[in-house]
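To start, the structure under review is shown below, and the notes come after it.
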Amino acid sequence: MENTILEDKTLVCKSCQAEFKWSAKEQAYYQKRGLKKQPQKCSDCRQKANKLRDSAMFYIHCGFCDSDGAMLAPPPKDQVAICDECFQKLVRSTKTPTSVSESA
Ligand SMILES: [Zn+2]
Ligand SMILES: [Zn+2]
Numbered sequence: 015m016e017n018t019i020l021e022d023k024t025l026v027c028k029s030c031q032a033e034f035k036w037s038a039k040e041q042a043y044y045q046k047r048g049l050k051k052q053p054q055k056c057s058d059c060r061q062k063a064n065k066l067r068d069s070a071m072f073y074i075h076c077g078f079c080d081s082d083g084a085m086l087a088p089p090p091k092d093q094v095a096i097c098d099e100c101f102q103k104l105v106r107s108t109k110t111p112t113s114v115s116e117s118a
């Protein structure tokens, strides 16, 4: 008697805080696989994470923006991992601008 009728659920993505639908179909799939946890991330973020993993870089969890990212080099053990996006920002911010008014 475990045939509970599943309904679509609205969950909040842990990564981007967006609401996303966890479909009954997906829930059934989770049940079938014996997964007790519900998805933590929306499909967008999961796809993004998968893509990062597929790009065969080193999968990291960025300590700056607290999101998933990837590095070309293995993350240093004694340092906070940083994603490429944050790294670029850091590089830009440490470069002291010579002219203030550089309109984009
Ligand atoms: Zn998300
Ligand atoms: Zn980051």
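Position one of the sequence shown corresponds to residue 15 (our numbering), numbered consecutively onward. C-beta atoms are modelled at their ideal positions from N, C-alpha and C, and glycine is treated no differently. In this text, all values refer to a predicted model and were calculated from it rather than measured experimentally.
Cβ pair residue i, residue j closer than 9 Å
{"i": "L25", "j": "A38", "result": "no"}
{"i": "C100", "j": "C59", "result": "no"}
{"i": "F72", "j": "C56", "result": "no"}
{"i": "D62", "j": "Q41", "result": "It should be pointed out that residue 62 corresponds to Lys in this sequence rather than to Asp. No, these two residues do not count as a Cβ contact at 9 Å."}
Nearest-angstrom beta carbon gap, residue j and residue i [assumed within contact, 8 Å]
{"i": "C97", "j": "S81", "result": "7 Å"}
{"i": "K28", "j": "Q52", "result": "About 11 Å; that fails the 8 Å criterion."}
Beta-carbon proximity list for residue i, same chain, < 8 Å, skipping 5 on both sides
{"i": "C79", "result": "C97, E99, C100"}
Spatial neighbours of residue i in its chain, beta-carbon cut-off 6 Å, leaving aside the 5 residues before and after
{"i": "A32", "result": "C56"}
Ordered list of alpha helix (DSSP H) runs contained in the segment 24-89, each at least 4 residues: 38-46, 57-68
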